[in-house]
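Student: Top to bottom, those sequences are chains U and Y.
The first sequence begins at 17 in the numbering used here and counts up by one.
The second sequence begins at 5 in the numbering used here and counts up by one.
We treat Cβ as the ideally placed atom computed from N, Cα and C, and that holds for glycine.
Note that the coordinates shown come from a computational prediction; the quantities given were computed from them, not determined experimentally.
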Amino acid sequence: MTRPPATTGRPRTRHLAAGTVLLAALAAGSLFVGVSGLTPAGVLDGRPEEVRVLLESRLPRLLAVLLAGTAMSVAGLIMMHITGNRFVSPATAGTNESAAFGVLVATLFAGGQALFVKMSVAVLFALVGTFFFMWILRRLTFRDMILVPLVGLMFGAVVSAATMFVAYRADLLQTLGAWTSGDFSGVLRGRYELLWIAGAVTVLGYLYADRFTVAGMGRTFAVNLGVRYDRVVNTGLVLTAVITAVVVSTVGEIPFVSLIVPNLVTLVLGDNLRHALPATALAGALFVLVCDIAGRLIRFPYEIPVSTVIGVVGSVVFLTLLLRGGKRMGLR
Amino acid sequence: MIEIRDVTKRYDGTTVLDRVSLTIEPGGVTSVIGPNGAGKSTLLSIVSRLAPADGGTVTVDGLDVAATPGEVLARRLAVLRQENHMPVRLTVRELVAFGRFPHSGGRLTPADLALVDEAIAYFELEPLADRHLDQLSGGQRQRAYVAMVLCQDTDYVLLDEPLNNLDMRHAVQMMRRVRRMADDYGKTVVLVMHDINFASCHSDTIIAMKDGAVAAQGPTARMMTPEVLGPVYGLDIDVHELGGSRIGVYFS
Numbered sequence: 017m018t019r020p021p022a023t024t025g026r027p028r029t030r031h032l033a034a035g036t037v038l039l040a041a042l043a044a045g046s047l048f049v050g051v052s053g054l055t056p057a058g059v060l061d062g063r064p065e066e067v068r069v070l071l072e073s074r075l076p077r078l079l080a081v082l083l084a085g086t087a088m089s090v091a092g093l094i095m096m097h098i099t100g101n102r103f104v105s106p107a108t109a110g111t112n113e114s115a116a117f118g119v120l121v122a123t124l125f126a127g128g129q130a131l132f133v134k135m136s137v138a139v140l141f142a143l144v145g146t147f148f149f150m151w152i153l154r155r156l157t158f159r160d161m162i163l164v165p166l167v168g169l170m171f172g173a174v175v176s177a178a179t180m181f182v183a184y185r186a187d188l189l190q191t192l193g194a195w196t197s198g199d200f201s202g203v204l205r206g207r208y209e210l211l212w213i214a215g216a217v218t219v220l221g222y223l224y225a226d227r228f229t230v231a232g233m234g235r236t237f238a239v240n241l242g243v244r245y246d247r248v249v250n251t252g253l254v255l256t257a258v259i260t261a262v263v264v265s266t267v268g269e270i271p272f273v274s275l276i277v278p279n280l281v282t283l284v285l286g287d288n289l290r291h292a293l294p295a296t297a298l299a300g301a302l303f304v305l306v307c308d309i310a311g312r313l314i315r316f317p318y319e320i321p322v323s324t325v326i327g328v329v330g331s332v333v334f335l336t337l338l339l340r341g342g343k344r345m346g347l348r
Numbered sequence: 005m006i007e008i009r010d011v012t013k014r015y016d017g018t019t020v021l022d023r024v025s026l027t028i029e030p031g032g033v034t035s036v037i038g039p040n041g042a043g044k045s046t047l048l049s050i051v052s053r054l055a056p057a058d059g060g061t062v063t064v065d066g067l068d069v070a071a072t073p074g075e076v077l078a079r080r081l082a083v084l085r086q087e088n089h090m091p092v093r094l095t096v097r098e099l100v101a102f103g104r105f106p107h108s109g110g111r112l113t114p115a116d117l118a119l120v121d122e123a124i125a126y127f128e129l130e131p132l133a134d135r136h137l138d139q140l141s142g143g144q145r146q147r148a149y150v151a152m153v154l155c156q157d158t159d160y161v162l163l164d165e166p167l168n169n170l171d172m173r174h175a176v177q178m179m180r181r182v183r184r185m186a187d188d189y190g191k192t193v194v195l196v197m198h199d200i201n202f203a204s205c206h207s208d209t210i211i212a213m214k215d216g217a218v219a220a221q222g223p224t225a226r227m228m229t230p231e232v233l234g235p236v237y238g239l240d241i242d243v244h245e246l247g248g249s250r251i252g253v254y255f256s
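1. Who are the near neighbours of phenylalanine 334(U) in its chain, counting only those whose CB is closer than 6 Å to its CB and skipping five residues on each side?
2. Below 8 Å between beta carbons is the criterion; list the residues of the region 276 to 290 of chain U that meet it against any residue of chain Y, in chain order.
3. Taking the DSSP output, what are the residues bridged to arginine 14(Y)?
4. Do the region 119 to 137 of chain U and the region 182 to 198 of chain U make contact, defined as three or more Cβ pairs closer than 8 Å?
5. To which residues does DSSP link alanine 82(Y) through a beta bridge?
6. Would you say the region 252 to 265 of chain U touches the region 310 to 326 of chain U, given that touching needs at least three Cβ pairs under 8 Å?
7. Return the residues of the region 65 to 98 of chain Y that lie within a Cβ-Cβ distance of less than 9 Å from chain U, sorted by chain order.
8. Quick check on proline 20(U): does DSSP put it in helix, strand or coil?
9. State yes or no: is the beta carbon of arginine 9(Y) nearer than 8 Å to at least one beta carbon in chain U?
10. Indicate the three-state DSSP secondary structure (helix, strand or coil) for glycine 59(Y) in the structure shown.
11. Ordered along the chain, which non-local residues of its own chain (more than five positions away) have a Cβ less than 7 Å from that of arginine 28(U)?
12. Taking arginine 250(Y) as part of the beta strand (DSSP E), name the residues at either end of that continuous run.
13. Can you tell me the Cα-Cα spacing of leucine 337(U) and histidine 31(U), whole angstroms?
14. How many whole angstroms separate the CB atoms of valine 254(U) and alanine 231(U), which I take to be in contact at a CB cut-off of 8 Å?
15. Return the residues of the region 25 to 54 of chain Y that lie within a Cβ-Cβ distance of less than 8 Å from chain U, sorted by chain order.
16. Considering only residues of the same chain and omitting the five flanking positions on each side of alanine 227(Y), which have a CB-CB separation below 7 Å?
17. Indicate whether the contact test is met: 3 or more Cβ pairs, each with one atom in the region 71 to 85 of chain U and one in the region 98 to 110 of chain U, closer than 8 Å.
18. For the region 74 to 97 of chain U, which residues have a beta carbon sitting closer than 8 Å to at least one beta carbon of chain Y?
19. From the DSSP secondary-structure annotation, give me the bridge partner or partners of histidine 136(Y).
20. In the structure shown, what three-state DSSP assignment does threonine 257(Y) receive?
21. Please list, in chain order, the residues of the region 242 to 260 of chain U that have any C-beta partner in chain Y closer than 9 Å.
22. So for threonine 209(Y), helix, strand or coil by DSSP?
23. Is glutamine 146(Y) helix, strand or coil by DSSP?
24. Below 8 Å CB to CB, which residues in the same chain sit around valine 153(Y) once its five sequence neighbours on both sides are set aside?
25. At a CB-CB cut-off below 7 Å, which residues of chain U make contact with proline 166(Y)?
26. So for glycine 25(U), helix, strand or coil by DSSP?
27. Could you check how far apart the C-beta atoms of aspartate 226(U) and glycine 109(Y) are, in whole angstroms? I think they sit under 8 Å.
28. With a threshold of 8 Å between beta carbons, is threonine 108(U) in contact with chain Y?
29. For proline 20(U) and threonine 95(Y), what's the separation of their Cα atoms in angstroms?
30. Identify which residue in Gly17(Y), Tyr15(Y), Arg9(Y), Val20(Y) has its Cα closest to the Cα of isoleucine 28(Y).
31. Which of the residues in the region 102 to 123 of chain Y, read from start to end, lie with their CB under 8 Å from any CB of chain U?
32. Does the beta-carbon of arginine 93(Y) have 16 or more other beta-carbons within 10 angstroms, so that it is buried, or is it exposed?
33. Sort Arg102(U), Val144(U), Ala115(U) by Cα distance to isoleucine 268(U) and report the nearest one.
34. Just verifying my parser: in three-state terms, what is the DSSP assignment at threonine 86(U)?
35. Please report the distance separating the alpha-carbon of methionine 17(U) from that of arginine 135(Y).
36. Could you say which of Val218(Y), Tyr237(Y), Arg250(Y), Leu233(Y) lies nearest to serine 47(Y) if we only look at CA atoms?
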């Protein structure tokens, strides 16, 4: 009898190391992609103009890309475990759309307020939206692997439509684009720092990694192992909602990342979050960075928003996953 | 000791358990038998706090299962249900290692790792240890789940139809191991069993349930009689002494 080769649940250290080196190289390279000429030599020489561009624009942009990529991927990973469905992520549960709605409402009623206020409102809306989705989920009698994210997508579309309508009435459609399509081109020093909150929440997620894995085994196993299932699920939902809202209010919605990166990683490494979460964080940062660099190079000196690039790449990857993932994705 | 007092459970107005009272003494293997819908699995769920009771109390060594913190109970009592769809992809070793979670959180000590290895060896899972659960057959998976429960190292082990998905050879092996878990490790094992003859050959005590109530309880030899079994299953069951065990015959 032939069997598939044994797989290990642990990423090889050398793979992680290789990924980190690749990320570092791309990150360093990305600093020198842009319209204003910035060269390694110039920065090392300490030319004031170049150092200023580096510190004011390029470095903040890089950090924003890495933080957003990492945080969104990890948020997707957590959500997929606490819902027990590989296709449920902030992108398919209405979380993204709810956060965007929140930013719009904050802009309407507190337009002049600091970004932090908008972000707080976005967090609130993302929480309400996510918990509403979970409420629907609990009432579904037929919890099919595909049906659940479809319900989430429908819910997201409804929220999105409401957002559009309000924005249209308030003549804010143009502004709305800033949050609904993620873009790193506007990132400057002083305008991305809130993303560190998402980074911190991601670290918090790592501390819960084992409990999320246990919750992913299902309620029965979780209760047997003495884990407070509902509390862990709610904690996970709050973490994902906060991460999503922070990312949406600072750089805008980034599609697909929270869906495909965790799926690709767990396809290879399995679902033990202690191992899969760091790898997902790394892969998420890499994926968004590569897409951002591509968006900057394809029509140089013009830029294609990262959300567009990811939309194209992501849909191809996602379709491939659906068609070839088969049993491992829980599809039979 | 597991003490069940006046436990009642209703689903949508149907009474599934009707004021059930039972005492399960520590040590040995106890099998709960009875026809479909007798309330066996429901009772097991309530004892293991997987489902709340609508009335009555269950205590395990004096701890009320409804009021004791989950992590405290998880170090005393382990449970495995019959339907075990596992949405996460873990290797056998990872799964078994999670049995140590109630004891050491995620940080496994060398002693924990030794127990993990022991449980894997006990169920002869070494060749499969690094396989993902979705690459195993149903029977292999079942063994992995029970290995996890053994690794949890609790005084009480509750298994709901542990022979599900197992062929004859693996079923016998599973029952022998369950028997040895009681004999070698001094555990109190409670099983929900469909096959009365497996229950007869491997348990010390049998509890027969019917229509949400306990029909009879006693030592295996006293329970394996046509007089006890017949009314429980509504079937004529001949009981023969074969190879030192009492075997019920009801096939034709």
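Tutor: Considering the structure as presented:
1. Ile276
2. Thr282, Gly286, Asp287, Asn288, Arg290
3. Looking at the DSSP assignment, arginine 14(Y) forms a beta bridge with Thr19(Y).
4. yes
5. Val161(Y)
6. no
7. Against chain U - using a Cβ distance shorter than 9 Å - the residues of the region 65 to 98 of chain Y are Pro73, Gly74, Glu75, Val76, Leu77, Ala78, Arg79, Leu81, Ala82, Val83, Leu84, Arg85, Glu87, Asn88, His89, Met90, Pro91, Val92, Arg93, Leu94, Thr95, Arg97, Glu98.
8. Confidence at proline 20(U) is low in this model, with a pLDDT of 41, below 50, so its placement is unreliable and no value can be given for it.
9. Contacts with chain U at 8 Å (Cβ-Cβ) do not include arginine 9(Y).
10. Correct three-state label for glycine 59(Y): strand.
11. none
12. 249 to 253
13. 22 Å
14. Wrong, their Cβ atoms sit about 14 Å apart, outside the cutoff.
15. Ser52, Arg53, Leu54
16. A quick correction: the sequence has methionine, not alanine, at residue 227(Y). Hits under 7 Å: Ile210, Ala212, Ala220.
17. Here the region 71 to 85 of chain U makes no contact with the region 98 to 110 of chain U; the two share fewer than three CB pairs at distances below 8 Å.
18. His97
19. Thr95(Y)
20. Lying outside 5 to 256, the shown extent of chain Y, residue 257(Y) is not represented and no answer is given.
21. Gly242, Val243, Arg244, Tyr245
22. strand
23. helix
24. Cβ contact annotation for valine 153(Y) (same chain, cutoff 8 Å, sequence separation greater than five): Ala82, Val83, Leu84, Gly103, Val161, Leu163, in chain order.
25. Within chain U, no residue comes near proline 166(Y); the closest Cβ sits about 14 Å away, beyond 7 Å.
26. Any reading at glycine 25(U) is ruled out, since the residue's pLDDT is 46, under 50, leaving its predicted position unreliable.
27. 7 Å
28. no
29. Residue confidence for proline 20(U) is low, a pLDDT of 41 falling below 50, so the modelled location carries little weight; the figure read from the coordinates is stated next. Proline 20(U) and threonine 95(Y): Cα-Cα distance of roughly 14 Å.
30. Arg9(Y)
31. Phe102, Gly103, Phe105, Pro106, Gly109, Gly110
32. buried
33. Before going further, note that residue 268(U) is glycine rather than isoleucine in the sequence given. Of the listed residues, the one whose Cα sits closest to glycine 268(U) is Ala115(U).
34. helix
35. Here the model assigns methionine 17(U) a pLDDT of 36, short of 50, so the residue's position is not dependable, and the following value carries that caveat. Cα to Cα, methionine 17(U) sits roughly 15 Å from arginine 135(Y).
36. A small fix is needed here, since residue 47(Y) is leucine in this sequence, not serine. It is Val218(Y).
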